[in-house]
Every structure is written in C-alpha cells, then in structure tokens.
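Protein chains in written order, with the numbering used here: chain A, 22 to 118; chain B, 22 to 118.
C-beta atoms are modelled at their ideal positions from N, C-alpha and C, and glycine is treated no differently.
Keep in mind the model is a prediction, meaning the values are calculated, not measured.
Notes for the one structure printed next.
Number of protein chains: 2
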Amino acid sequence: MMRNIFLGFIRIHILHHASEEEIFGVAMMEELRRHGYLISSGTLYPILHSLEEDGYLTRRDEVVNGKVRKYYRITEKGISALEDAKKKIQELTEEVM
Amino acid sequence: MMRNIFLGFIRIHILHHASEEEIFGVAMMEELRRHGYLISSGTLYPILHSLEEDGYLTRRDEVVNGKVRKYYRITEKGISALEDAKKKIQELTEEVM
DNA sequence: GCTACCAATATCGTCAGACAATACTATGAT
DNA sequence: ATCATAGTATTGTCTGACGATATTGGTAGC
C-alpha cells in the first residue's frame, strides 16, 4: 500500500537524477536506498527499460572495468514529464501541508 | 507511465480528504477531477475498498435520498500513513525543486 | 589455470492492481 | 410504466511488482 504510493516517487527520483547526471542501475538502487526506498533489481530494471522504451530516457552502453554498464540520461520528453510531475507535487504540497 | 506516478498522488489525496471530512466515492471522483486527476469508478472503488480492508479508512453506510452512500473517514493507521507520506513528499520536494 | 567471488544487468513465475465497460439498486419525475 | 439519476459494484483483460535466480565478464588467490 505505502509501496504503491512510493513507486511513483521512485520514478520521479529516477527522472530527476537522470536529469542531473548519467545514472545506471546499481548506483540508482544505492541512491534510492539512501532516500529510504528499498527497491530490488527485479523492480528497478524493468522500470528503467520501460522508461527508455517510452522515450523518457536514452541509453548508452559503456564498459567499465570490463563490465558493461548501461548509462541512462533524460530526454526532452523525460524533462517535460518531470516538469509535469513537479507541478503536481507543488499542487499536492499546497493541498496537504 | 505518468499514470503510474499519479496513482500514488491520488491515494494521498484520498487519505488527506478523508482526514478532513467524510468522503464518498462519487464526490471524491469529482474532487480528484478538479485537481486534474481523471479516475474511473472501476479504479476508485477498488482503491477505497482496499484502503478500508487494510485499515486506513473506516466505512459508515448512510441512506441519502433513498440511495446508500458509503462514507469513509480516516483511521489512526491512516493518519500515520499520511504523515509518512508527507515526510516523503517533503523530502522529494527538497530534492527535486 | 582452476576456483571462488564480485559487479552489474536480465529474466521468470506469480500475484496484485488498473481500467473501461457494464451491471446493479433504489428513488423520483413525467 | 418508463426514464433518468445517483451511487456503488464487478468482470475480464492487460500491465506491473517483486523475490529469486540466472547470466556475463572480470579479478584475485593460490
């Protein structure tokens, strides 16, 4: 239930971080954990894939220490989605706080 | 996708309104619509049912103009869930704004 | 040059949730 | 009697979440 609520927040976090720097799976999991969101790889990777598939993120593969890393960064579409989300957060804040 | 994000917001709105006054289905749909969230009855009612089942809301049936209305109000558990959500909103705001 | 471990991403199976469409219930209006 | 209206409920389908497990390519110790 709380999970249901927080999953949206997690997506926003992802978009936000991808707008500030390139992100990749494991590091993002770590980052989210610092914010108190525990997310397993079985949840995160499908989210990243669908964000990419839907055009909110683009991917770039890079080999780091011999391991392939999938770096994601935000797209124009992602930015405008993030802006929309921010507006809603603003509105929500005014309403409930 | 955006839907995925906003569904969490919708739940928060519901908890919030149920903490301020008694709510019922159709009126809540209307209220959400004013905030720009279009939600169908097939989505809202299951959400209300599960919020009740999980102990975040309590229900009271009342006959109004001959029609049964299910009024919901928040419980202690609901209040503390709402508080948790607010903390996360606060955190999210600081992060992305 | 085998074994064990590590970093990172991927997938599978199951169960829960979203939603539009449709139905149900009870009343009031003409 | 018929129709409209207010309100809640359900069904069938498709999507998503998640833990567990697998995969890939390296590095380290010995």
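A Cβ-Cβ separation of about 6 angstroms places A/Leu69 in contact with A/Gly46 under the 8 angstroms criterion. Between B/Ala39 and B/Gly99, the gap from beta carbon to beta carbon is short of 8 angstroms.
For A/Lys109, the closest Cβ of chain B is nearer than 8 angstroms. Secondary structure note for A/Leu78: it is in no alpha helix (DSSP H), and the uninterrupted beta strand (DSSP E) holding it is Leu78 to Val85. Put simply, the CB of B/Met50 is far from chain A, with every gap to its CB atoms at 8 angstroms or more. Taking the Cα positions, B/Thr114 is about 45 angstroms away from B/Gly87. The beta-carbon of A/Ala106 is placed less than 8 angstroms from the nearest beta-carbon of chain B. Put simply, the CB of B/Ala102 is near chain A, with a gap under 8 angstroms to one of its CB atoms. Look at B/Gly99: its C-beta is not under 8 angstroms from any C-beta on chain A.
Not flagged as an interface residue toward chain A: B/Arg90, since no C-beta distance is shorter than 8 angstroms. For A/Leu28 and B/Ser61, the gap between their C-alpha atoms comes out near 21 angstroms.
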